[in-house]
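Convert by adding 38 to the 1-based position in the sequence shown; the result is the number in the numbering used here. Each residue gets a CB set at the ideal place from its N, CA and C atoms; glycine is no exception. For clarity, every value in this text was computed on a predicted model and none was experimentally measured. Data block below; observations after.
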Amino acid sequence: MGLTPGHVIGKELKDFLPVNIAEEKAEYFRRAWDGEEDITYTGRLNGVHYVSSLSPIRKDGEIVGVIGSCIDITEQKRIEDALRLKNLKFQLISDNMLDLVVMLDKNGTVLYASPSHEKVLGLSVKDYEGTSNFELVHIDDIPAIQKEYTNMIKFKISCQIEFRHKHSQGGWVDIEANISPVYDEYDEIEYFIAVGRDISERKRTEELIRKSEKLSIIGQLASSIAHEIRNPLTSIKGFVQLLKKEVNNSLYINTTLNEIHNIEEIIREFLEFAKPHTTRIEKMDVTLLLHKLLKLLRSQTIMNKVEIIHKFESDLPNVFCDANHMKQVFTHILQNAVEAMPNGGIIEVHALRCGSDSIKISFMDKGNGISKERINKIGEPFYSTKEKGTGLGLMISHKIVQEHGGTIEIKSEVNKGTTVDVILPIEYSFIAKN
Numbered sequence: 039m040g041l042t043p044g045h046v047i048g049k050e051l052k053d054f055l056p057v058n059i060a061e062e063k064a065e066y067f068r069r070a071w072d073g074e075e076d077i078t079y080t081g082r083l084n085g086v087h088y089v090s091s092l093s094p095i096r097k098d099g100e101i102v103g104v105i106g107s108c109i110d111i112t113e114q115k116r117i118e119d120a121l122r123l124k125n126l127k128f129q130l131i132s133d134n135m136l137d138l139v140v141m142l143d144k145n146g147t148v149l150y151a152s153p154s155h156e157k158v159l160g161l162s163v164k165d166y167e168g169t170s171n172f173e174l175v176h177i178d179d180i181p182a183i184q185k186e187y188t189n190m191i192k193f194k195i196s197c198q199i200e201f202r203h204k205h206s207q208g209g210w211v212d213i214e215a216n217i218s219p220v221y222d223e224y225d226e227i228e229y230f231i232a233v234g235r236d237i238s239e240r241k242r243t244e245e246l247i248r249k250s251e252k253l254s255i256i257g258q259l260a261s262s263i264a265h266e267i268r269n270p271l272t273s274i275k276g277f278v279q280l281l282k283k284e285v286n287n288s289l290y291i292n293t294t295l296n297e298i299h300n301i302e303e304i305i306r307e308f309l310e311f312a313k314p315h316t317t318r319i320e321k322m323d324v325t326l327l328l329h330k331l332l333k334l335l336r337s338q339t340i341m342n343k344v345e346i347i348h349k350f351e352s353d354l355p356n357v358f359c360d361a362n363h364m365k366q367v368f369t370h371i372l373q374n375a376v377e378a379m380p381n382g383g384i385i386e387v388h389a390l391r392c393g394s395d396s397i398k399i400s401f402m403d404k405g406n407g408i409s410k411e412r413i414n415k416i417g418e419p420f421y422s423t424k425e426k427g428t429g430l431g432l433m434i435s436h437k438i439v440q441e442h443g444g445t446i447e448i449k450s451e452v453n454k455g456t457t458v459d460v461i462l463p464i465e466y467s468f469i470a471k472n
């Protein structure tokens, strides 16, 4: 401590120690003089950490002195502080990271789960530890995980795997995990460490990219097919029109011309999908457009015993969009809703604010609904819930809304109905076409 015997012998504590420390140590000595055995305390002086013990010295049953001994624990204290700091850093990382860290035994029982499980999966760590890791995994993904487990035990290798994990609030979270075996001193697998992360957003992005690429390919194909059909169709239409002038009974000719007209309309839609015509973007009152559209569809809904109830929020802001294209989207959604109720029913159309920068138009029917397995494919080309449908209508609707910077969201339950939400931004955000 930097003190020589001359600094200490014959002196009181206050003569060579700071006053506050001297008073603290004097209390320990008083307790020893009172006969208390094995008094131990720690202290620090001049950068030296020590542990001190005091014991009373007895002679003929009376206490005649107190003996004290000190051990330098500076290095031990340094190691403890370093370990405490290391544990604190580990705890900070463990508490704030979003990666999922799990320790598993050979049977897949959870020995340790990081606090991030509560953030990512909504699971309490206490409830998670001690359970089987397979209990909350999607049943279709369990065989693949079990196979990887077997391979790791057999060949002593690491693995990377993707699976779906149940969230405490319902639904599934896509997880990508790296699992590595940890060995004991006999080179046998003692347990496994799995580090996983939520890749749900990445999977959604990949799915959007995949659909976009498919849309691009279908657009090119549609353009090619349309042009190939249009050329011979023009010649056929011309000859039929000439034939009409020479034939007295033109019933068959008129029917043929009508069918040719229908084919031309289909070709026009193909070309519009592949390479849309010049778009006219202007400020539009969505509620006014919906009123006009519902009026046009009134005869069709009456014929199908369908009643449309609308509820539009007052003072909705106008949005920038192409009125004709948006009318095409709304018409297609309403026609689908009508066809979903072959025995008639009620369709509700709502328009309301969605946050501070968007409006939402909702179309709700009480039709047959769509299963969860099929709803994920809705909007893909050539996938339709109708027996003779092509899936192009909703695909084009998705494309139009996306070009306006908006989204289409579909929620459905079998035998309960379907809700289609069209969300459009208020500000101008039309995506330029190439």
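| query | result |
| --- | --- |
| Residue 442 beta carbon less than 9 Å from that of residue 358 | yes |
| Boundaries (first-last residue) of the alpha helix (DSSP H) holding residue 379 | That residue, residue 379, is in no alpha helix (DSSP H); it is neither H nor E in DSSP. |
| Residues bridged to residue 433 [DSSP beta-bridge criterion] | Bridge partners of residue 433: none, in fact. |
| Separation of residue 343 from residue 381, as counted between CA atoms | 7 Å |
| Extent of the continuous beta strand (DSSP E) to which residue 184 belongs | Run containing residue 184: none in the beta strand (DSSP E); it sits in the alpha helix (DSSP H), 180-193. |
| For residue 43, three-class secondary structure by DSSP | helix |
| Of the residues 373, 164, 187, 158, the one placed nearest residue 150, counting alpha carbons only | 164 |
| Inter-residue spacing [alpha-carbon to alpha-carbon] between residue 294 and residue 267 | 16 Å |
| At least 3 beta-carbon pairs within less than 8 Å: the stretch 337-355 vs the stretch 442-453 | no |
| Cα-Cα separation between residue 48 and residue 112, rounded to whole angstroms | 27 Å |
| Coarse secondary structure for residue 216, derived from DSSP in three states | strand |
| Heavy atom of the ligand NAP within 8 Å of residue 167 beta-carbon | For the ligand NAP, the structure offers nothing, since it holds no ligand at all. |
| DSSP-derived helix/strand/coil call for residue 294 | helix |
| Run of the beta strand (DSSP E) containing residue 51, from where it starts to where it stops | Per DSSP, residue 51 belongs to no beta strand (DSSP E); it is in the alpha helix (DSSP H), 51-54. |
| Bridge-paired residues (DSSP) for residue 527 | In the structure displayed, the chain extends from 39 to 472; residue 527 sits before or after that span and is not available. |
| Own chain residues within Cβ distance below 7 Å of residue 50, not counting five before or after | none |
| Cβ-based burial, residue 374 [other Cβ within 10 Å; buried from 16] | buried |
| Contact check, residue 459 vs residue 410, beta carbons under 9 Å | no |
| Identity of the residues DSSP links to residue 402 by a beta bridge | 386, 457 |
| Identity of the residues DSSP links to residue 81 by a beta bridge | 88 |
| Spatial neighbours of residue 39 in its chain, beta-carbon cut-off 6 Å, leaving aside the 5 residues before and after | 83, 84, 86 |
| 9 Å Cβ cutoff met for residue 328 and residue 278 | no |
| Reduced DSSP category for residue 285 - H, G, I as helix; E, B as strand; rest coil | coil |
| Rounded C-alpha distance that separates residue 428 from residue 434 | Note that residue 428 has pLDDT 41, beneath the 50 cutoff, so the model's placement of it is unreliable and the number below is only indicative. Distance between the alpha carbons of residue 428 and residue 434 is about 11 Å. |
| DSSP state of residue 110 mapped onto helix, strand, coil | strand |
| C-beta atoms of residue 217 and residue 191 nearer than 9 Å | no |
| Per-residue DSSP class, three states only, for residue 348 | strand |
| Spatial neighbours of residue 64 in its chain, beta-carbon cut-off 7 Å, leaving aside the 5 residues before and after | 51 |
| Nearest-angstrom Cα separation, counted from residue 125 out to residue 117 | 12 Å |
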